[in-house]
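Since the structure comes first, as structure tokens, the remarks are kept for the end.
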Amino acid sequence: MASKPQCKYGAGCYRKNAQHLKEFYHPKMKSDEDDHEQPEKKKKKMVAEEPKQKGATISDFFGKKKVDDKDEEDVSDVGPSSTSSGAAAFLNSSPKDDAEESPDDEDDDDDMPSSPEDLKENIKRKFLVEMPDDFYDFWEFCKSKNSKHPEDAMSKDLGFQLVGPYDILAGKHKGVKRNRRGKRPNFLLHWRYYYDPPEFQTVVKSDDKNLFHLGYFRDDPAELPVFVGANKAADSYIITQKGNNIFAAIKLVIDERLKSKDIDAGKKKKLQNFQEELQDFADSKKYPLDMKTKSMKDRDKKVVCRTFHGAGMVVPLDENEVGYREVPEEPADLKKMFKAVVEAKSESDRDKRMEAIQEIVTLVQFANDECDYGEGLELGLDLFSYGGEPLHSIISHLLPLAYQLLGRHEYSQIIEAHLRRRSRSANLSELE
1 MASKPQCKYG AGCYRKNAQH LKEFYHPKMK SDEDDHEQPE KKKKKMVAEE PKQKGATISD
61 FFGKKKVDDK DEEDVSDVGP SSTSSGAAAF LNSSPKDDAE ESPDDEDDDD DMPSSPEDLK
121 ENIKRKFLVE MPDDFYDFWE FCKSKNSKHP EDAMSKDLGF QLVGPYDILA GKHKGVKRNR
181 RGKRPNFLLH WRYYYDPPEF QTVVKSDDKN LFHLGYFRDD PAELPVFVGA NKAADSYIIT
241 QKGNNIFAAI KLVIDERLKS KDIDAGKKKK LQNFQEELQD FADSKKYPLD MKTKSMKDRD
301 KKVVCRTFHG AGMVVPLDEN EVGYREVPEE PADLKKMFKA VVEAKSESDR DKRMEAIQEI
361 VTLVQFANDE CDYGEGLELG LDLFSYGGEP LHSIISHLLP LAYQLLGRHE YSQIIEAHLR
421 RRSRSANLSE LE
């Protein structure tokens with residue numbers, strides 16, 4: 001039998017349908033270990049091992065070096081548009097749109113993380129990140145409002161509930177061996193909304209139909225959050241910055257509600273009283289309540305690209321600016337490519353439409369060889385933000401690798417778990 005022609009994309013091909021695999025030969029992809037043992041020739045004079053050092057953080061790479069300001073793109077250019085089918089179809093989606101769960105779901109194979117008495121360590125083991133001081137101080141503030149159930153302190157006036165890592169402080173994890181799915185709780189997915197990237201950790205949910213929620217956003221899992229973000233998962237993948245601590249975020253949300261023409265006098269008075277108490281508590285702890293703090297502005301100078309979700313991304317750059325190269329397509333053109341793949345009517349049609357994305361993935365592989373790991377991160381995050389199960393196979397190749405190359409191994413774990421079971425549901429508790 002004549003040998004099959006080799007696929008032009010080689011080991012990096014993402015086409016998985018049987019006919020394509022039958023017609024073309026695909027060489028075996030090298031393992032990550034092989035890549036590490038036999039590193040490619042490095043670009044310029046960068047020491048490639050530095051980004052992979054365990055414990056190395058963004059601050060270690062930037063130090064006091066000032067990175068030139070980037071020209072800010074208009075966030076509206078990458079926001080939800082007529083081409084953003086993932087966000088537009090959200091409310092009309094059905095459970096079958098979620099990633100299907102196999103009988104031997106991988107997240108049930110491992111033992112649950114231990115629950116040490118130290119609450120900070122308990123949270124870190126379950127969510128893989130540390131919570132900042134304002135997280136714990138806000139819990140104390142809520143206890144002053146509702147001593148028995150601090151997590152519900154905002155439910156009456158704001159329709160908010162503390163969730164995620166706050167459920168550990170509330171003790172809701174105690175005694176839970178199996179949840180409603182009959183599975184061990186996976187804390188990496190606990191209140192992780194459809195459009196929440198690994199950098200985003202939800203801590204406040206609302207009871208509105210837009211699935212509004214607040215969470216801490218951090219560029220590197222080894223570092224503390226850079227801001228608190230807001231997202232409406234039923235409407236959009238956009239993440240809006242709301243100050244650099246949870247007190248500021250809640251205060252800014254109340255500001256917006258007080259400006260509403262629909263608010264009645266009684267409700268307005270309650271919100272004003274709540275806000276006054278919150279401001280007094282925050283002032284006593286010296287937390288800034290500004291929308292944009294100096295630390296957030298400093299972080300803006302390190303942002304290498306805005307990304308679809310608008311919060312931007314930061315990767316370490318060396319003195320030669322090695323570490324990032326931009327994806328060679330405009331956001332609008334990328335959305336058209338993603339839309340074409342997601343809306344393809346057949347598998348063969350999807351394969352054809354995937355070719356444009358595959359070309360960019362090939363460029364990402366070249367970028368990785370030359371230590372510009374940020375390009376793969378950018379493309380992966382944009383694919384994730386757009387959403388749609390047909391894109392998950394590409395995301396699963398791009399993002400875990402990008403995070404590993406950047407030394408952000410915790411994020412690699414989170415995205416792998418999320419892609420296995422990515423849900424549009426309003427109830428994302430892993431403890432119920």
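Numbering-wise, the UniProt record's numbering puts 108 at position 108 of the sequence shown, and it's gapless, one number per residue. Every residue gets a Cβ at the ideal spot worked out from N, C-alpha and C, and that includes glycine. On a predicted model such as this, the values are computed, not experimentally measured, just so you know.
Put simply, of Glu370, Asp167, Leu188 the residue whose alpha carbon is nearest the alpha carbon of Ser423 is Leu188.
Its Cα nearest to that of Pro328, the residue Thr362 stands out among Gly312, Arg299, Thr362, Ala344. Here DSSP, grouped into helix, strand and coil, assigns Phe308 to coil.
The continuous alpha helix (DSSP H) containing Thr362 extends over residues 347-369.
Here the alpha carbon of Met354 sits roughly 13 Å from the alpha carbon of Glu389.
It is roughly 27 Å from the alpha-carbon of Leu317 to the alpha-carbon of Lys335.
Considering only Arg218, Leu128, Lys267, the residue with the shortest C-alpha distance to Gly243 is Arg218. Distance from the CA atom of Met313 to the CA atom of Val304, rounded to whole angstroms, is 6 Å.
The bridge partners DSSP lists for Ser206 are Phe160. Annotation: the continuous beta strand (DSSP E) that includes Leu214 extends over 212-217. The straight-line gap separating the alpha-carbon atoms of Leu128 and Asp264 is approximately 43 Å. Just so you know, the alpha carbons of Lys177 and Ile123 end up roughly 17 Å apart.
By the neighbour-count definition (other C-beta atoms within 10 Å, threshold 16), Glu151 is a buried residue. The segment 228-277 contains, as complete alpha helix (DSSP H) runs of 4+ residues, the segments 246-258 (chain order).
Contact annotation: Phe135 and Ile250 have beta-carbon atoms that are not nearer than 8 Å.
Rounded to the nearest whole angstrom, the C-alpha separation of Ser429 and Thr202 is 11 Å. Annotation for Lys172: Leu431 place their beta carbon closer than 7 Å to its own, counting only its chain and skipping 5 residues before and after. By the Cβ rule, the segment 400-408 counts as touching the segment 366-379, because three or more pairs are nearer than 8 Å. DSSP places Ala344 in no alpha helix (DSSP H); its state is neither H nor E. By the criterion of a C-beta distance shorter than 6 Å, Ile357 is surrounded in its chain by Met337, once the five residues flanking it on both sides are discounted.
Per DSSP, the beta-bridge partners of Phe200 are Phe217. Contact check between the segment 268-283 and the segment 210-224: fewer than three CB pairs, one atom from each, fall below 8 Å, which does not count as touching.
Taken through DSSP and simplified to helix, strand or coil, Met337 comes out as helix. In the three-state DSSP reduction, Met296 falls in the helix class (H, G or I). Boundaries of the alpha helix (DSSP H) harbouring Trp139: 133-145, taken from the DSSP string. At the C-beta level, Tyr237 and His309 come within 8 Å of one another. The beta carbons of Leu398 and Val364 sit about 7 Å from each other, so the pair counts as a contact at 8 Å. With fewer than 16 other beta carbons inside 10 angstroms of its own, Gln272 counts as exposed. Nearest neighbour of Asp157 by Cα position, chosen from Ile415, Ala282, Arg257, Asp235, turns out to be Arg257. For Asn427, no alpha helix (DSSP H) encloses it, and the DSSP letter there is neither H nor E.
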